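A.B. asks: Chains A and B are the protein sequences, given in the same order. Per the numbering used here, the very first residue in the first sequence carries number 234; after that it's consecutive. Per the numbering used here, the very first residue in the second sequence carries number 191; after that it's consecutive. Beta carbons are placed, not taken as given, at the ideal position from N, Cα and C, and that holds for glycine. This one's a predicted model, so the numbers in the text were calculated from it and none came from an experiment.
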Amino acid sequence: MGDKPIWEQIGSSFVQHYYQLFDADRTQLGAIYIDASCLTWEGQHYLGKAAIVEKLSSLPFQKIAHSITAQDHQPTPDSCILSMVVGQLKADDDPIMGFHQSFILKKMNDAWVCTNDTFRLAIHNFG
Amino acid sequence: MGDKPLWEQIGSQFVQLYYQHFDNDRVKVGDLYYDDCFMTFEGSTLRGKNNVMAKLSSLPFQAIQHIITAQDHQPTPDSCVMSMVMGQLKADQDQVMGFQQVFLLRNFDNKWLCTNEMFRLSLHNFA
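Structure follows, in structure tokens:
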């Protein structure tokens with residue numbers, strides 16, 4: 234773990250934590266967002282921790298499991314971290330679907346929070 | 191166009207220009223990067239515009255065409271714009287493939303340049 238750049242360590246820890254929390258109890262995701270966070274979920278925008286948690290909590294499935302296929306992390310000029318995730322998910326008994334998600338992480342008061350989150354299902358990618 | 195938030199205008203204009211250059215004259219894409227940019231292409235990270243352009247110029251196809259399925263833009267806390275693109279591409283006579291790309295744009299002297307970019311083909315999304 235010591236060989237990876239710090240932004241990769243932070244990014245991959247965040248990503249692991251995010252999906253673990255999402256899959257176990259997504260109503261608890263509030264801690265990773267702040268009042269200025271933006272979520273774009275399938276093209277719809279949500280601003281602020283409360284609106285984001287409300288949206289995620291209200292998603293119409295009981296069970297969800299995310300599986301990460303690939304993840305990339307980079308440092309940004311403002312000392313934030315940009316992360317991109319490609320993976321698959323399964324909600325309840327629905328068929329497995331691909332998804333794309335991007336995050337920007339910012340350090341605030343010694344903790345890394347998510348200020349930007351964009352999610353799309355990969356169902357568009359068929360000609 | 192006046193109805194869209196500013197970051198959406200900036201993001202969508204950048205995205206349109208990026209793929210227009212990429213598909214018609216790949217060398218021109220260099221105008222859109224900040225000198226000290228990061229690019230992660232299929233998991234390999236490059237730093238610096240020169241390295242990025244060397245990589246893009248060396249990609250093994252003559253003709254390339256991108257079609258955007260969906261794009262999402264958000265303002266970041268540090269006044270940047272994050273753009274996530276999902277689409278399809280066709281290189282030479284290869285079959286159409288899905289791709290995902292993320293750009294972080296920053297304003298330098300009234301010009302919006304890309305400081306961070308990530309690209310992945312969506313080949314992973316099949317169980």
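Compare the beta carbon distance of B/H256 and B/Y223 with 8 Å and say whether it is the shorter of the two.
C.D. replies: For the purposes of this step, residue 256 of chain B is identified with residue 66 of the second sequence, where counting begins at 1. For the purposes of this step, residue 223 of chain B is identified with residue 33 of the second sequence, where counting begins at 1. No.
A.B. asks: Is B/P267 near B/W197, with beta carbons less than 8 Å apart?
C.D. replies: To locate residue 267 of chain B, count along the second sequence from 1; it is residue 77. To locate residue 197 of chain B, count along the second sequence from 1; it is residue 7. Cβ atoms of B/P267 and B/W197: not closer than 8 Å.
A.B. asks: If the cut is a Cβ gap below 8 Å, which residues of chain A does B/S312 touch?
C.D. replies: The count along the second sequence starts at 1 and reaches residue 312 of chain B at position 122. Simply V319, G331, H333, A355, N358.
A.B. asks: Taking 8 Å as the CB-CB cut-off, is B/V292 touching chain A?
C.D. replies: Counting from one through the second sequence, the residue named residue 292 of chain B turns up at place 102. With 8 Å as the cut-off, B/V292 counts as an interface residue toward chain A.
A.B. asks: Assign A/K237 to buried or exposed, taking buried as 16 or more other Cβ atoms, counted over all protein chains shown, within 10 Å of its Cβ.
C.D. replies: The count along the first sequence starts at 1 and reaches residue 237 of chain A at position 4. With fewer than 16 other Cβ atoms within 10 Å, it is exposed.
A.B. asks: Tell me whether B/K301, by its Cβ, gets closer than 7 Å to a heavy atom of the ligand HEM.
C.D. replies: Among the components modelled here there is no ligand, and therefore nothing to report on the ligand HEM.
A.B. asks: What's the call for A/M341, buried or exposed, on a 16-neighbour Cβ count within 10 Å?
C.D. replies: Looking up residue 341 of chain A in the first sequence gives position 108. Per the 10 Å Cβ criterion, exposed.
A.B. asks: How about B/T305 and A/T309: do their beta carbons lie closer than 8 Å?
C.D. replies: Position 115 of the second sequence, counted from the first residue, corresponds to residue 305 of chain B. Position 76 of the first sequence, counted from the first residue, corresponds to residue 309 of chain A. Yes, the pair counts as a contact, with Cβ atoms nearer than the cut-off.
A.B. asks: Within 10 Å of its beta-carbon, does A/F294 have 16 or more other beta-carbons around it, so buried, or fewer, so exposed?
C.D. replies: Residue mapping note: residue 294 of chain A aligns to position 61 of the first sequence, counting from 1. It is exposed - the Cβ of A/F294 has fewer than 16 other Cβ atoms within 10 Å.
A.B. asks: Assuming B/F204 and B/L295 make a contact with CB atoms under 8 Å, what is their CB distance in whole Å?
C.D. replies: Within the second sequence, residue 204 of chain B is the residue found at index 14, counting from 1. Within the second sequence, residue 295 of chain B is the residue found at index 105, counting from 1. Rounded, the Cβ-Cβ distance is 6 Å, consistent with contact.
A.B. asks: When the Cα of A/I314 is compared with those of A/S246, A/I337, A/I267, which residue comes out closest?
C.D. replies: The residue given as residue 314 of chain A occupies position 81 in the first sequence. Among A/S246, A/I337, A/I267, the Cα nearest to that of A/I314 belongs to A/I337.
A.B. asks: Quick check on the DSSP output: the beta strand (DSSP E) that includes A/G331 runs from which residue to which?
C.D. replies: For this step, residue 331 of chain A is matched to residue 98 along the first sequence. Start and end: 330 to 341.
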